[in-house]
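Some notes on the structure that comes next.
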Amino acid sequence: MPLKITHLAIVALTAALSGGVAHAGGFTADQAAAGETAYNSNCAQCHGKQLEGPDAPGLAGPDVMQNWATAGGLYDFIHVAMPPSAPGQLGDETYLNIIAYIMKFNGAQPGDEPMTADADKLAAISLPEETQAGAAAAAPATETAPAATTAEAAPAVPQAFTWGKQLPGGPTPGAAAAPAATTPAVPQAFTWGKKLPTVAAPAAN
Numbered sequence: 022m023p024l025k026i027t028h029l030a031i032v033a034l035t036a037a038l039s040g041g042v043a044h045a046g047g048f049t050a051d052q053a054a055a056g057e058t059a060y061n062s063n064c065a066q067c068h069g070k071q072l073e074g075p076d077a078p079g080l081a082g083p084d085v086m087q088n089w090a091t092a093g094g095l096y097d098f099i100h101v102a103m104p105p106s107a108p109g110q111l112g113d114e115t116y117l118n119i120i121a122y123i124m125k126f127n128g129a130q131p132g133d134e135p136m137t138a139d140a141d142k143l144a145a146i147s148l149p150e151e152t153q154a155g156a157a158a159a160a161p162a163t164e165t166a167p168a169a170t171t172a173e174a175a176p177a178v179p180q181a182f183t184w185g186k187q188l189p190g191g192p193t194p195g196a197a198a199a200p201a202a203t204t205p206a207v208p209q210a211f212t213w214g215k216k217l218p219t220v221a222a223p224a225a226n
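Each residue of the sequence shown is one higher than the one before, counting from 22 in this note's numbering.
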């Protein structure tokens with residue numbers, strides 16, 4: 022009998038853990054919709070329509086969500102302190118709905134089970150993990166940038182300067198590059214398509 026009880030306890034603990042932190046669906050879509058209405062009526066004046074502030078701390082973004090380990094922590098705070106004009110006076114359901122809306126705004130995905138004021142269940146909803154996982158799932162797949170192709174060797178003289186003609190003594194297209202000349206080349210643009218006369222090198226003393 023003790024072995025059976027221990028086994029059942031382990032099964033129960035495993036089930037609780039598997040349905041705990043970072044599971045999707047800590048709230049329903051209806052709760053988030055009701056929470057948006059409640060937020061706009063009671064919170065937006067200070068926290069902003071887009072949860073950006075500025076007259077009170079912003080409520081959007083990964084940094085904000087990481088400030089609260091769980092939905093329970095956020096609930097415990099706003100349930101007794103918000104809104105400043107009537108702290109703790111909105112009722113459990115309204116506070117839960119507002120939290121659901123904040124979570125959805127930050128990317129968390131709604132599920133079939135509504136959020137309740139049960140302290141253990143609220144403590145099992147991780148705000149950072151719910152919002153990060155939801156935002157990642159909702160984000161469009163980024164297009165893979167095309168692989169860089171091997172750059173073609175640029176011609177020694179821009180084609181615009183050659184009037185569409187091959188330079189005298191230049192490499193035949195497709196042929197191996199000729200050894201570099203020992204004297205500086207004169208750009209074809211300065212020759213107007215004519216071959217320069219050969220200049221004899223000065224005699225050595």
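Positions of the beta carbon are idealized from the N, C-alpha and C atoms, including for glycine.
All figures in this text were calculated on a predicted structure; none of them were measured in a lab.
* Asked: What's the C-alpha gap between residue 153 and residue 107?
  -> Cα to Cα, residue 153 sits roughly 32 angstroms from residue 107.
* What are the start and end residues of each continuous alpha helix (DSSP H) run of 4 or more residues lying completely inside the segment 104-167, in chain order? -> Entirely contained in the segment 104-167, the alpha helix (DSSP H) runs reaching 4 residues are, in chain order, 113-126, 140-144, 148-159.
* To do: Put residue 183 into one of helix, strand or coil per three-state DSSP.
  => Here the model assigns residue 183 a pLDDT of 44, short of 50, so the residue's position is not dependable, and the following value carries that caveat. Coil, per DSSP.
* Asked: Alpha carbon to alpha carbon, how far is residue 140 from residue 76?
  -> When rounded, the distance between both Cα atoms is 30 angstroms.
* To do: Quick one: residues in its chain with C-beta nearer than 8 angstroms to the C-beta of residue 79, no 5 flanking neighbours on either side, listed in chain order?
  => Sequence-distant partners of residue 79 (beyond 5 residues in either direction) whose C-beta falls short of 8 angstroms from its own C-beta, in its chain, are 68, 69, 72, 73, 85.
* What separation, rounded to the nearest whole angstrom, lies between the Cα atoms of residue 98 and residue 120? -> Annotation: residue 98 to residue 120 spans about 11 angstroms, alpha carbon to alpha carbon.
* Asked: Considering residue 83, what are the terminal residues of the alpha helix (DSSP H) in which it resides?
  -> Note, residue 83: alpha helix (DSSP H), 83-86.
* Starting from residue 91, follow its DSSP beta bridges and name the residues at the other end. => Answer is 147, bridged to residue 91.
* Out of 105, 102, 61, 147, which has the shortest C-alpha to C-alpha gap to residue 129? -> For the residues 105, 102, 61, 147, the minimum Cα distance to residue 129 belongs to 147.
* Asked: What residues in its chain sit with their C-beta under 6 angstroms from that of residue 104, if we drop five residues either side in the sequence?
  -> These residues qualify, in order along the chain: 63.
* Could you have a look at residue 97 and say whether DSSP puts it in helix, strand or coil? => Collapsing the DSSP output to three states places residue 97 in a helix.
* Asked: In three-state terms, what does DSSP make of residue 64?
  -> Residue 64: coil per DSSP, three-state reduction.
* Proximity of residue 137 and residue 59 at Cβ, strictly below 7 angstroms -> Their beta carbons are not under 7 angstroms apart, which means residue 137 does not touch residue 59 by this criterion.
* Asked: For residue 56, does the three-state DSSP call read helix, strand or coil?
  -> In this structure, residue 56 counts as helix in the three-state DSSP scheme.
* State the DSSP-derived secondary structure class of residue 51, mapped to helix, strand or coil. => Helix.
* **Contact with chain D by residue 102, beta-carbon distance below 7 angstroms** => The chain labelled as chain D is not found in the depicted structure, where only one protein chain is given.
* Assuming residue 47 contacts residue 90 (C-beta within less than 8 angstroms), just tell me the rounded distance between them. => In fact, because the Cβ distance is near 13 angstroms, the residues do not count as touching under 8 angstroms.
* Less than 7 angstroms separating the beta-carbons of residue 142 and residue 53? -> No; because the gap between Cβ atoms is not below 7 angstroms, this pair is not in contact.
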